[in-house]
Amino acid sequence: MISAQARQREERADRPLHVQVEAWGPLACFTRPELKVERVSYPVMTPSAARGLLETILWKPEITYQVERIELLKPVQWTSFRRNEVNNSIINKKTFEDLRANNGYRYDVAEDRGQRVTVALRDVAYRIHATINATDRCTAPLPKYRDQFDRRVKRGACFEQPHFGCREFAAFFGPRGSAQEAGVVTAADPAGIPPIDEIGLMLHHIEYLPNGKERYHWFRARLERGVLHVPDRPLAPARVNQMPGAEGRASAEGTA
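Counted the way the numbering used here counts, the sequence shown spans residues 6 to 261.
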């Protein structure tokens, strides 16, 4: 005989289901796109970074994640450092073709090296609230994927090590309350978070077009008592162009 809880779960099989994850780490950098040369981080994790972290825990073509809000569990703390980096990427089509056509082709890192400053976040901790939504390839009830996601979070299982913006900034995760259990968050931390913090334009999502190009969608980000609320829909392109900093946020298609 099917229990009442099982019947309720079956009735909600096609509705979005909520998941929560806490993530923390020593360093993070969620780069603002209007600053092209030097990396300067947003003061909070971006929705696209949060979605990428969830996908490292469980990725299936049958589901997608929609980030609803991101909570700051610790006050914002900044740090800066200088690193040696290359000015050009060696992983591009022209370099790949040159390597195949000429076995003697040599890339000199010393000639292409440059120093860049990174303004990053330190000692970060977040709580991500998201929903699991079904795609047109989904054939099983959504609670199946939600339960699988929860089990992997409790075990600390992931397809690859999640990171905060840069791959060298490793992120650690767990269920709700795990950051405090790990000693990362204390009871006094939320007191240092300001009530209101205007952030400006932030990436909402990337739309991948059939011709291989991309269209970027934005929203006005604002921290309210340490919580970043992500709207269901991004700003219209006309509104984005009227906001400060919009000139640095043109999409590959030529429109914001």
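C-beta: ideal position from N, C-alpha, C; glycine also. None of these values were measured; they are calculated from a predicted model.
Exercise. Provide the residue span of the alpha helix (DSSP H) that contains S85, from first to last.
Key: Segment 83 to 91 is the beta strand (DSSP E) holding S85; no alpha helix (DSSP H) there.
Handout entry: Between the CA atoms of E203 and R74 - distance to the nearest angstrom
Key = If you take the alpha carbons of R74 and E203, they lie about 15 Å apart.
Margin query: What does the alpha-carbon distance come out to for the pair A54 and Q25?
Written below: C-alpha of A54 to C-alpha of Q25: approximately 15 Å in a straight line.
Out of T136, V122, R121, which has the shortest C-alpha to C-alpha gap to V69?
Here residue 69 turns out to be Thr, not Val, going by the sequence shown. Out of T136, V122, R121, T136 has the C-alpha closest to the C-alpha of T69.
Does the beta-carbon distance from L22 to R151 come in below 8 Å?
Against a cut-off of 8 Å, the Cβ pair of R151 and L22 comes out as a contact.
Assign G30 to one of two classes, buried (16 or more other C-beta atoms within 10 Å of its C-beta) or exposed (fewer than that).
With 16 or more Cβ atoms within 10 Å of its Cβ, G30 is classed as buried.
Applying the 10 Å Cβ sphere with the 16-neighbour rule, what's the burial state of R132? By the Cβ-count criterion, R132 is buried, with 16 or more other Cβ atoms from all chains shown falling within 10 Å of its own Cβ.
Original post:
Nearest to P195 by CA position, among E165, V232, E212, is which residue?
Top reply: Measuring from the Cα of P195, the nearest candidate turns out to be V232.
- Message: Taking the alpha helix (DSSP H) that Q153 belongs to, which residues open and close that run?
- Response: 147 to 160 is the span of the alpha helix (DSSP H), which, as asked, contains Q153.
message: Can you give me the C-alpha to C-alpha distance between V81 and E165, rounded to a whole angstrom?
response: If I take the Cα positions, the gap works out to 26 Å.
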